[in-house]
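Below: the structure, in structure tokens.
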């Protein structure tokens, strides 16, 4: 054992070891390690034989304390982090990046939002916690759609009833977990497509199930004339040619568009299997938080290869070259823009040393 303490007034000052408050009360602290527990039991049994005393293990109690990292991670994936927590985390991450552990305040050479962009998009590749927080919730949407289980059945009965995920939206009274899922639902759906199967879980007009875009986006004029816009594929295809009601008779361009829609789906045969969601971002069709994060980040700008990150030099020099490329090094003109209160006259570098870290 690491040590023994006899202290009846302060039993919890040691994180491990053996503490004894009186002759009849012994407290042993140890890590969560099965081998260590076996060795401890062997030591106590040896003590019994040598001392001729018996330890009553039946009256001994085992207490667990501390917090497992897996529990915290699971909580975040279930409920997400609050905006206040994310802001605080970004504050400390930003301060550490620019100042490390120094207390002296330093200039911020670029906005934090720019640094959080991928390297291929002109940033430093620092992870955006707000986006990562949202996309971790998407994992549960994927499992709810494609897997069967107790919690899936509970959520379907409570929030979906006879509707599908695409038919429901966030409303008052929803749990924090379900509200989080509804918040990321549209982004999640944009990253994949629906496999129809029996057609009950797929909206005919508004979901992406036939081609790369929904029918509503491909034929907006025709979609505006549809009376029941949220009908499922199963309902629409329950009648030949299709069970769709319009506000007015189909003529001209609208009739042509309608015939195109019918020709695209008339040969499709529905099955008895429930619909599934296909993750199109990855070749294997399986969801991953990392793939979703990269796909959404790359949507904003066209990824470009930057040779800086391929150079075989220390990371600190790569970051300095990135500063140089973006024109944010603390030169005279940049310091003047930042209202620096120094001496700009004479030999600038000889009088003042400025380090970009």
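Residue numbers (this note's numbering): 12 to 368.
Glycine included, C-beta positions come from ideal geometry on N, C-alpha and C.
None of these values were measured; they are calculated from a predicted model.
Counting every other CB atom within 10 Å of its CB across the protein chains shown gives residue 59 a total below 16, marking it as exposed. Secondary structure of residue 259 (DSSP, three-state): coil.
From the listed residues 201, 139 and 194, the smallest Cα separation to residue 292 is found for 201. Residue 242 places its beta carbon less than 8 Å from that of residue 215.
Annotation for residue 343: the continuous alpha helix (DSSP H) segment containing it runs 343 to 348. When DSSP reads this structure, residue 296 sits in no beta bridge, so it has no partner. Linking residue 246 to residue 285 through their CA atoms gives a straight-line distance of about 15 Å. Note that the C-beta distance between residue 282 and residue 209 is below 8 Å. Of all C-beta pairs linking the region 136 to 146 to the region 95 to 112, three or more are shorter than 8 Å, placing the two stretches in contact. Per DSSP, residue 175 lies in no beta strand (DSSP E) segment and is marked neither H nor E. Burial is judged here by how many other beta carbons sit within 10 angstroms of a residue's own beta carbon; residue 244 has at least 16 and is buried. Shown here for residue 163: same chain residues with a beta carbon closer than 6 Å to its own, the five before and five after excluded, namely 155 in chain order. By the neighbour-count definition (other C-beta atoms within 10 Å, threshold 16), residue 252 is an exposed residue. Beta-bridge partners of residue 203 (DSSP): 290.
With 16 or more other CB atoms across the displayed protein chains lying within 10 angstroms of its CB, residue 298 is buried. The bridge partners DSSP lists for residue 276 come to none. Put simply, of 123, 96 and 95 the residue whose alpha carbon is nearest the alpha carbon of residue 107 is 123.
Straight-line spacing of the CA atoms in residue 249 and residue 280 works out to 11 Å. Using a 10 angstroms sphere on the CB of residue 118, the tally of other CB atoms stays under 16, which defines it as exposed. In the structure shown, residue 244 falls within a helical segment according to DSSP collapsed to helix, strand and coil.
For residue 60, the uninterrupted alpha helix (DSSP H) run begins and ends at 45 to 62, by DSSP. In this structure, residue 176 and residue 196 form a Cβ contact; the two beta carbons are roughly 7 Å apart against a cut-off of 8 Å. By the neighbour-count definition (other C-beta atoms within 10 Å, threshold 16), residue 318 is an exposed residue. Within the region 116 to 141, the complete alpha helix (DSSP H) segments of 4 residues or longer fall at 123 to 126, listed in chain order. Residue state for residue 237 is assigned as strand, using DSSP reduced to three classes. Contact between residue 205 and residue 218 is confirmed by a C-beta separation of about 5 Å, below the 8 Å threshold. In the structure shown, residue 251 falls within a coil segment according to DSSP collapsed to helix, strand and coil.
For residue 272 and residue 212, the gap between their C-alpha atoms comes out near 20 Å. Going by DSSP, residue 334 is part of the alpha helix (DSSP H) stretching over 326 to 337. Look at residue 214 here: in three-state DSSP terms it is strand. Rounded to the nearest angstrom, the Cβ distance from residue 180 to residue 194 is 10 Å, too far for a contact under 8 Å. Here residue 231 is exposed. Its C-beta has fewer than 16 other C-beta atoms within 10 Å.
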